[in-house]
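Residue numbering for the sequence shown follows the numbering used here, starting at 14 and increasing by one per position.
Heads up: the structure comes next, in structure tokens.
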Amino acid sequence: MHTNKLINETSPYLLQHAHNPVDWFAWGEEALQKARYENKPLLVSIGYSACHWCHVMERESFEDEATARIMNEHFINIKIDREERPDLDHIYMDAVQAMTGSGGWPLNVFLTPDGRPFYGGTYFPPKRAFNRPSWQEVLQSVAQAFQQKRNEIDSQAENLTEHLVQANSFGLNANTDPEQMFKNENLVETFEIILKSADKEWGGFGKAPKFPQSFVILYLLRYYHVSDNQDALKQALLSIDKMIEGGIYDQVGGGFARYATDNEWLVPHFEKMLYDNALLISVLSEAFQLTGKIRYREVIEETMQFILRELFFEEGGFYSALDADSEGEEGKYYVWNYTEVKHLLGQDADIFCEFYDITPNGNWEGENILRVKEPLEIFSSNKNLDVKSLQQLLKSCREKLLLARTKRIPPMTDDKIILGWNALMNIACSKAFAATGIEVYRQLAVRNMNFLLDKFSLDRENEFYHTWKKGTGKFPAFIDDYAFLIRALIRLQTITANNNWLIKAKDLTEFVIENFSEEGTGFFFYTKKDQADVIVRKKEVYDGAVPSGNSMMAYNLYHLAVLFEKDEWRQRSFDMIASLSKAIAKYPVSFGLWACLFQEIIAGTDEIVITGKSYTDQHVQLLKHYIPHSIIITSGTADHDFPLLADKPVTDGVLIYLCRNFSCLPSVKTTKELISLINNPDRG
């Protein structure tokens with residue numbers, strides 16, 4: 014009797030496979046025990062709900078009875094949602110990359126009964142194609158090898174596991190002289206390396222497929238701020254402008270797709286992830302603070318509207334993602350037929366179609382992905398049209414298309430709520446409020462944080478779940494979850510002036526140090542020390558689609574060290590950077606958030622203190638200014654829990670101090686005076 018055990022799971026990705034003829038298990042002791050008892054290899058297949066090729070392989074192979082028979086006879090089959098178990102995904106992805114030189118999803122990896130990998134790959138077709146064997150051929154040959162060449166398989170598994178352990182052993186020798194490391198020349202070198210990989214025509218970095226690279230753009234914005242280097246500003250804004258004009262940005266409904274498949278940002282991979290949108294809102298908020306460009310504010314608002322409309326859970330959390338596919342076709346929900354647009358918009362269609370590059374032949378597979386080929390001001394000038402009237406017309410037309418689009422069958426929503434991704438979105442809400450002053454965003458940040466601290470919390474203090482859905486938390490939180498949550502708490506205090514958020518951030522940091530630290534290196538493991546179901550505790554340092562937990566913790570330690578006068582935390586942050594300094598300088602695109610922290614340490618951090626019973630107006634004004642390397646602490650009452658607030662008088666009015674290393678300049682009374690102090694090169 015064959016049974017598929019996924020029907021009781023909550024992950025949308027696992028539920029998609031719950032009716033396959035494959036005897037799927039979720040990762041857990043039942044499957045692992047069965048493999049050991051029956052002496053069968055484990056077949057672990059990893060993907061996520063918004064993954065196009067995962068859907069393809071399911072249709073072609075996992076729904077096929079004959080293929081399922083081979084899988085069920087020879088293997089114990091496990092399905093993993095990589096977003097639920099990123100710890101397992103990291104381990105087995107590293108193994109497959111070591112074996113094959115490449116990786117991706119779906120990730121299909123074969124393990125010995127004790128969980129060690131010995132063979133794997135990504136997508137396999139149902140029939141031999143693309144220089145790849147068929148999935149059935151792979152299954153038959155692995156099953157045969159396991160029966161007939163067990164010694165070789167055990168040896169391969171041992172070698173691969175040893176490779177994973179060795180690859181993890183960085184950070185032990187940080188023989189770097191701090192005097193040499195924290196020098197301005199290193200920032201210049203990092204900037205020059207970034208510019209070498211920059212696409213000077215279409216923005217972004219490297220060739221297609223093109224990802225947003227949010228942290229690299231932040232580095233350039235901040236580098237311009239401290240150096241006045243125009244090339245840095247130009248490349249940062251070019252990257253932002255080309256993305257928000259391209260098809261990677263949903264011109265009708267707001268929000269960004271995960272990446273573009275071409276250099277011009279026209280054709281996205283249509284899935285929309287919460288984390289990408291959160292990080293891009295953060296980037297746009299800094300760009301708007303720096304430039305005051307109204308289009309950036311509009312895109313912040315449009316993207317926030319998209320998230321509230323399509324990814325918001327009414328109790329206060331944010332869903333994970335929207336699928337790329339609908340009705341079995343990638344992008345079907347988002348693309349437009351010329352005739353349909355003409356019918357919907359009537360007499361306004363011609364100008365709308367010209368502005369958004371909508372043509373009878375289409376710009377992608379006979380259909381149209383909306384994109385802006387000329388900015389509004391240039392287009393209106395060339396057409397001799399009034400800018401405001403054109404803006405209103407385009408807005409009205411977009412609203413008509415959005416309404417029409419709601420009548421289509423939408424892509425599936427991955428409605429699990431992930432702690433770390435929600436924390437990134439919380440940071441985005443805080444930064445969007447700071448930049449725009451839109452009060453709804455501040456309220457949303459507070460509401461979301463209360464939701465996270467309530468729903469994700471275990472009974473034990475400071476312990477959290479990684480995911481939550483329908484009243485149930487699952488899986489112990491990982492370093493990313495804690496690191497991003499601590500950062501969100503620090504940022505939330507900045508915009509609310511509620512210093513209790515900082516106390517919570519400090520408590521969580523102490524918990525992380527106790528439970529995730531690697532002895533002797535200063536780095537943090539991905540998993541908590543008592544987690545038993547992983548063959549190796551990984552350390553992640555690369556900043557990819559999301560920042561690494563280690564880079565975010567280095568940031569947290571650096572800022573909290575100032576706020577709580579913890580010299581050992583500051584030193585730990587420095588030691589982490591010292592261990593990676595050569596890699597950060599040489600490969601800044603892969604260490605984007607590390608590079609931003611590196612820059613702040615060298616440029617110096619503005620410690621801003623606001624006291625007084627009527628601080629509110631000056632506080633909100635201050636937040637709108639671009640002061641990227643700063644810590645802001647505010648109090649309307651005497652507060653001796655924080656060294657920066659100690660001995661600062663609290664008056665009926667407001668006093669603002671600019672400090673560095675606990676040495677403060679005389680107080681001023683207005684934001685304008687503070688900005689003059691910050692911009693004064695002789696302030697000391």
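Cβ atoms here follow ideal geometry from the backbone N, Cα and C, with glycine treated the same way.
Close-in-space but distant-in-sequence residues of the same chain around residue i (CB under 7 Å, 5 per side omitted)
i: LEU457; result: CYS442
i: PHE611; result: ILE590, ILE597
i: SER147; result: PHE137, PRO138, PRO139, LYS140, ARG141
i: ARG98; result: TRP40, PHE488
i: LEU636; result: ALA447, ILE508
i: LEU200; result: TYR236, GLN612, ILE615
i: ALA245; result: PHE204, LEU233, TYR236, TYR237
i: GLN506; result: ASN512, TRP514, LEU515
i: TYR288; result: TRP434, LEU437, ALA558, VAL559
Secondary structure of residue i, DSSP reduced to three states
i: ILE382; result: coil
i: HIS103; result: helix
i: PHE446; result: helix
i: THR534; result: coil
i: PRO641; result: coil
i: ILE548; result: coil
i: ASP630; result: helix
i: PRO25; result: helix
i: ASP660; result: coil
i: SER182; result: coil
i: ASN121; result: strand
i: ALA221; result: coil
i: VAL348; result: coil
i: GLU342; result: strand
i: TYR568; result: helix
i: GLY60; result: strand
i: LEU398; result: coil
Other residues of its chain near residue i: CB distance less than 6 Å, five sequence neighbours each side excluded
i: PHE301; result: TYR309, ARG310, ALA448
i: GLU323; result: none
i: PRO424; result: LEU335, ASP336, SER339, TYR346
i: TRP278; result: LYS255, MET256, GLY259, ILE261
i: ALA249; result: ILE230, LEU233, LEU234
i: GLY375; result: ASN381
i: TYR639; result: GLN302, LEU303
Buried/exposed call for residue i, threshold 16 Cβ in 10 Å
i: HIS238; result: buried
i: ILE422; result: exposed
i: GLN161; result: exposed
i: ILE503; result: buried
i: LYS551; result: buried
i: LEU321; result: exposed
i: ILE307; result: exposed
i: LYS685; result: exposed
i: TRP118; result: buried
i: ILE391; result: exposed
The beta strand (DSSP E) enclosing residue i, as first and last residue numbers
i: CYS672; result: 668 to 673
i: LYS92; result: 89 to 94
i: HIS653; result: HIS653 -> no beta strand (DSSP E), and no H or E assigned at all.
i: THR624; result: 619 to 624
i: ILE451; result: Taken as a continuous stretch (DSSP letters only), ILE451 belongs to no beta strand (DSSP E), as it is neither H nor E.
i: ILE313; result: Where ILE313 is concerned, there is no enclosing beta strand (DSSP E), although the alpha helix (DSSP H) it sits in stretches over 307 to 323.
Residues bridged to residue i (per DSSP)
i: SER676; result: ARG673
i: ARG145; result: ALA142
i: GLU170; result: Looking at the sequence shown, residue 170 is not Glu but Ala. DSSP, once it has assigned bridges, lists no residue as partnering ALA170.
i: HIS282; result: TYR272
i: ASN475; result: None, per the DSSP bridge assignment.
i: ASP427; result: ALA334
i: ASP77; result: Partner(s): none; ASP77 has no beta bridge.
i: VAL554; result: Answer is none; VAL554 lacks a bridge partner.
i: LYS487; result: THR480
i: ALA211; result: PHE218
i: ALA39; result: LYS92
i: ILE646; result: VAL622
Proximity test, Cβ basis, 7 Å: residue i and chain B
i: LEU152; result: As a matter of chain content, chain B is missing from the structure shown, which is built from one protein chain.
First through last residue of the alpha helix (DSSP H) which encompasses residue i
i: SER561; result: Note, SER561: premise wrong, no alpha helix (DSSP H); not H, not E.
i: ASP494; result: 492 to 509
i: GLY701; result: This structure cannot settle anything about residue 701, because the visible part of the chain is limited to 14 through 697.
i: VAL229; result: 227 to 240
i: VAL69; result: 65 to 70
Own chain, CB closer than 8 Å to residue i, minus 5 neighbours either side, in chain order
i: THR372; result: TYR351, CYS366, ASN381
i: ILE492; result: VAL525, PHE529, PHE537, PHE538, TYR539, THR540, GLU553, GLY562, ASN563, MET566
i: ASN197; result: ILE615
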